[in-house]
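This report concerns only the one structure given below.
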Amino acid sequence: MGSNYDQFILFGDSIIQHSNSQERGFGLTPALQQEFVRRLDVVNRGFSGYNTVQALHVLPRIMPDPKLARVRFMAIMFGANDACLASAQNGQHVPLDEYKQNLAKLIRHPAVAAHSPRLILVTPPPVEERRLEAQVKSQGYAELNRTNECTKQYADAAREVAKELGVACLDLWSAFMARAGWRPGEPLPGSIELPENDALRALLHDGLHLSPEAYRVFFEKAVEVIAETWPDQISERLPYVYPAWDDADAWAAVGLHMGGRDVVRHE
1 MGSNYDQFIL FGDSIIQHSN SQERGFGLTP ALQQEFVRRL DVVNRGFSGY NTVQALHVLP
61 RIMPDPKLAR VRFMAIMFGA NDACLASAQN GQHVPLDEYK QNLAKLIRHP AVAAHSPRLI
121 LVTPPPVEER RLEAQVKSQG YAELNRTNEC TKQYADAARE VAKELGVACL DLWSAFMARA
181 GWRPGEPLPG SIELPENDAL RALLHDGLHL SPEAYRVFFE KAVEVIAETW PDQISERLPY
241 VYPAWDDADA WAAVGLHMGG RDVVRHE
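See the structure below:
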């Protein structure tokens with residue numbers, strides 16, 4: 001018989017926190033929970049508004065004791081708040097070099113290393129400046145606090161850190177921009193100076209946070225990254241922690257007899 005479930009921790013900002021919600025439709029966390037049901041516990045550790053400075057502060061407190069639970073996968077997603085403009089009134093900005101250093105510290109943190117998890121670094125997604133401007137002004141801010149050009153720098157930086165440290169990268173920024181039809185060297189969709197991009201607007205319901213369609217892209221990319229990086233860890237290849245109801249041999253091993261080998265089997 002199995003022991004405690006290994007964990008898949010999603011650690012990030014509001015984009016992770018909100019991924020539990022199904023109020024609008026498809027949610028990333030429930031989808032991953034279904035993908036790994038009976039195999040892993042998918043745990044949402046999303047903190048709205050957090051940047052990498054705050055993430056480093058709480059990280060040791062959100063990691064389980066290795067004696068109690070093992071973290072098999074860990075996705076780390078910060079940058080949407082770090083990428084706020086330095087002039088923004090919300091005070092969330094983290095300089096680009098410091099952001100890169102903080103990502104490396106998160107990845108190398110002793111509380112993470114204690115589990116030797118399979119790490120996935122997720123880039124921040126793009127923003128849609130028109131919707132975002134309306135959103136922030138409704139909150140009392142005087143002007144736009146994020147731009148797509150600035151956010152791209154943080155997505156590029158996250159990609160660089162993943163490469164330098166040899167961890168898997170889920171490039172959400174590029175996945176969304178591909179949906180928007182963008183090619184490197186072209187002006188960035190989502191910028192106020194350009195016409196509205198319907199594909200990008202469909203992914204960012206308020207200019208910053210993800211729509212159900214966007215969370216579906218996130219989920220599909222997560223499954224893809226796992227399959228490409230750790231093909232032995234896809235859900236179909238992971239055994240149940242506890243045996244199927246009709247696994248006669250497994251139940252016999254603990255003294256329970258759950259039908260013969262000719263039992264009609266179903267889920």
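With UniProt numbering, letter number 227 in the sequence shown gets 227, and the count goes up by one each step, no holes.
Note that the Cβ used here is the ideal one computed from N, Cα and C, for glycine as well.
Checking the DSSP bridge columns, you'll see Leu-194 has no partner listed. Phe-11 is the residue among Phe-36, Phe-11 and Met-74 whose C-alpha sits nearest the C-alpha of Ala-55. Where Ile-15 is concerned, the enclosing alpha helix (DSSP H) starts and stops at 14-17. With fewer than 16 other CB atoms across the displayed protein chains lying within 10 angstroms of its CB, His-257 is exposed. For the pair Cys-84 and Leu-121, the CB atoms are not nearer than the 9 angstroms cut-off. The continuous stretches of beta strand (DSSP E) do not include Leu-106, which lies in the alpha helix (DSSP H) extending over residues 96-108. The alpha helix (DSSP H) runs lying completely inside the stretch 224-260 and spanning 4 residues or more are 248-252, given in chain order. A buried status is given to Tyr-99, since no fewer than 16 other beta-carbon atoms sit within 10 Å of its beta-carbon. Exclusion of the five residues before and after Ala-69 leaves Asn-4 and Gln-7 as the residues of its chain whose Cβ lies within less than 6 angstroms of its Cβ.
Partner residues in the beta bridge of Gly-46, as assigned by DSSP, are Gly-12. If the five residues before and after Pro-189 are omitted, its C-beta is found closer than 6 angstroms to the C-beta atoms of Ala-180, Trp-182, Asn-197 and Leu-200, all from its own chain and listed in chain order. DSSP, read as helix, strand or coil, puts Arg-24 in coil.
Selection Leu-106, Arg-45, Gly-207 and Lys-163 evaluated against Ile-192 yields Gly-207 as nearest (Cα-Cα). If you ignore the 5 residues before and after Lys-152, its C-beta comes within less than 8 angstroms of the C-beta of Pro-126, Trp-173 and Leu-188, all in its own chain and listed in chain order. By the Cβ rule, the stretch 20-29 counts as touching the stretch 206-221, because three or more pairs are nearer than 8 angstroms.
If you draw a straight line from the Cα of Lys-163 to the Cα of Trp-251, it is about 45 angstroms long. Following the DSSP letters along the chain, one finds Met-63 in no beta strand (DSSP E), marked with neither H nor E.
Ala-75 is positioned such that its CB atom lies no closer than 9 angstroms to that of Leu-103.
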